[in-house]
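Quick mapping for you: the protein sequence lines, in order, are chains R and B.
Taking the numbering used here, the leading residue of the first sequence gets 1, the next gets one more, and so forth.
Taking the numbering used here, the leading residue of the second sequence gets 1001, the next gets one more, and so forth.
Note that CB positions come from ideal geometry on N, CA and C, so glycine has one too.
Everything numeric in this text was worked out from a predicted model, so none of it was measured.
What follows is a short report on a single structure.
Protein chains: 2
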Amino acid sequence: MESTSPEPSTAAAAAAAAVAETGCSVQIRRLEATDHEKGFVALLSQLSACPDLTASEFAACFADLAALGDDHVILVAEDPTAPESRILATGCLFVERKFLRGGGKVGHVEDVVVDAAARGRGLGLRVVRRLVEIAKEAGCYKVILDCTPELRAYYAKCGFVEKGVQMAIYF
Amino acid sequence: MESTSPEPSTAAAAAAAAVAETGCSVQIRRLEATDHEKGFVALLSQLSACPDLTASEFAACFADLAALGDDHVILVAEDPTAPESRILATGCLFVERKFLRGGGKVGHVEDVVVDAAARGRGLGLRVVRRLVEIAKEAGCYKVILDCTPELRAYYAKCGFVEKGVQMAIYF
Chain R
1 MESTSPEPST AAAAAAAAVA ETGCSVQIRR LEATDHEKGF VALLSQLSAC PDLTASEFAA
61 CFADLAALGD DHVILVAEDP TAPESRILAT GCLFVERKFL RGGGKVGHVE DVVVDAAARG
121 RGLGLRVVRR LVEIAKEAGC YKVILDCTPE LRAYYAKCGF VEKGVQMAIY F
Chain B
1001 MESTSPEPST AAAAAAAAVA ETGCSVQIRR LEATDHEKGF VALLSQLSAC PDLTASEFAA
1061 CFADLAALGD DHVILVAEDP TAPESRILAT GCLFVERKFL RGGGKVGHVE DVVVDAAARG
1121 RGLGLRVVRR LVEIAKEAGC YKVILDCTPE LRAYYAKCGF VEKGVQMAIY F
C-alpha cells in the first residue's frame, strides 16, 4: 500500500532499493497524512500562494483528495535517511474522464515543485516521470501540463512536447 | 434544476427568455442523458477522435461523469424550437481541488466545439462564458484552458489572457 506508512523493515528495504537504482537515498512515494509535519505546505508555497494549513485543515483537504482514489495522486520526494526528514519535491496527477475517445481519460500534471535547497538533483524529473507512468498505467491516452516558456526544456526531458497555449482568467 | 428536463411550460418560458436576452432561440443548458439521440457524440467528433458510443456506453459514461456532481459540468446549446433538435455546441468544466491557496479550486474548461453549420452565431462564446460563471460561482480562484495559438483572440473575447504553454505526451 503506497498510501500508508511502510513497516520499518520495508522502509529500509525501499531505501536500499532507491540507492541501488538511483545512487540516491531519496524515495518517491505517495503523499501521506503525516506529511503535514514534514513541510509539505511550506514546499508548495515556493510554487504559488499557499497559506499554511492547520493540522485539521490539512487533514480535511487530504481526505477530500484521497476520496478521489487513483484519479488524484500526489507524489512526494523524501530522504528517509536524513536526520530531520522533509518533503523535498512534489507533483500531482489528476485524471479527467471524457466522452471523447470512447470515454477516454487524460492525465493532468499539476503543482510540481522542488525545494530550493534540493534543486539540481533530478528530483522533480523523477517525480514527473513517475506521474507520467501512473497516467499511462491508468489508461490515459495523453498526459498534459501547463508551464512557463522557460520550463519547456525541463519537461522535454520527460518526453513532453509543446502542444498549445494556456489561457487563464483569475477571479 | 438544470440537470433534469424542465416541464414544457418551463421550457417554453426559458425559450422565450433566451430569445428576449439574446435575440436567438438557442438555449444553453446542462447535458442530459437523452442528448445521445441529439448528436452529442457526433458533435464531439468535430473536435477530436470520438468514436460513436452505443446508447448503453453513452449512459455509462454519462453516469460516471454525473457522479462527479458540480465538479464536472457539461453544457450544450440547443434550439428547442427547431424541427429536429440537435446539439449545436458544447463545452465542459471540471473543478480541480488543490492544497494550494488554502485548499483552493481551479476550473478547467475542456472540449469546446461548435457544429460546423452553426458557427459564427456566438454559441461557443455563450457556452464558455457560462462555464466561466459556473467556475466563479463554485469558488474557483481561476479558470484555465488550453487551445491552439489561433484561438487566443477567440478566448480573449471571454476574458482569457495567455498565461503559459501547454505541454503533452500522447501514449
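Does any C-beta atom of chain R lie closer than 8 Å to the C-beta of A1168 (chain B)? yes
Can you name the residues of chain R whose CB is closer than 8 Å to the CB of T1148 (chain B)? G164 and V165
Same chain, Cβ closer than 6 Å to R1097 (chain B), five either side skipped, listed in chain order: K1105
How many Å lie between A1059 (chain B) and E32 (chain R) at the Cα? 36 Å
Count the C-beta pairs between the region 1114-1127 of chain B and the region 66-85 of chain R that are closer than 8 Å, then say yes if the count reaches three, no if not. no
By the 10 Å Cβ neighbour count, where 16 or more other Cβ atoms means buried, how is G1120 (chain B) classified, buried or exposed? exposed
Can you look up A60 (chain R) in the DSSP assignment and give me helix, strand or coil? helix
Please return the same chain residues whose Cβ sits closer than 7 Å to the Cβ of C1061 (chain B), not counting the five positions on each side in sequence. L1053
So, do the region 1037-1045 of chain B and the region 147-164 of chain R have three or more beta carbon pairs nearer to each other than 8 Å? no
Beta carbon of F160 (chain R) nearer than 8 Å to that of A1168 (chain B): yes
Can you find the residues in the same chain that come closer than 6 Å, C-beta to C-beta, to G107 (chain R), ignoring five residues on each side of it along the sequence? L93, V95, A135, C140 and V143
Proximal residues to A1013 (chain B) (C-beta, below 6 Å), its chain only, five neighbours per side dropped: none
Residues near R1101 (chain B) in its chain [Cβ-Cβ closer than 8 Å; skip 5 each side]: Y1141
Just list the residues that DSSP pairs I1028 (chain B) with in beta bridges. B:A1077
On the premise that V26 (chain R) lies in contact with A77 (chain R), defined as a C-beta separation below 8 Å, what is that separation, rounded to the nearest angstrom? 5 Å
At 3 residues or longer, and completely inside the region 73-140 of chain R: list those beta strand (DSSP E) runs for me, N to C. 87-97 and 105-114
Taking 8 Å as the threshold (beta carbon to beta carbon), is V161 (chain R) in contact with chain B? yes
Taking C-beta pairs closer than 8 Å, name the residues in chain B that G102 (chain R) reaches, listed in chain order. C1050, P1051, L1053 and E1057
State yes or no: is the beta carbon of R152 (chain R) nearer than 8 Å to at least one beta carbon in chain B? yes
Using only alpha-carbon positions, find the residue among R:A116, R:Y155 and R:V109 that is nearest to L145 (chain R). R:V109
Check each residue of the region 1130-1148 of chain B: if its Cβ is closer than 7 Å to any Cβ of chain R, include it; give the result in chain order. V1132, K1136, C1140, Y1141, K1142, V1143, I1144, L1145, D1146, C1147 and T1148
Is DSSP giving L68 (chain R) helix, strand or coil here? coil
Go to A168 (chain R), then tell me how far its beta strand (DSSP E) extends in each direction, as first and last residue. V161 to Y170
Checking the sheet assignment: what are the DSSP bridge partners for L145 (chain R)? B:M1167
Within 8 Å of any Cβ in chain R, is that where the Cβ of C1024 (chain B) sits? no
Would G91 (chain R) and L131 (chain R) qualify as a contact pair, given that the criterion is a beta-carbon distance under 8 Å? yes
For the candidate residues R:S56, R:E57, R:K38 and R:A66, whose alpha-carbon lies nearest to that of S85 (chain R)? R:K38
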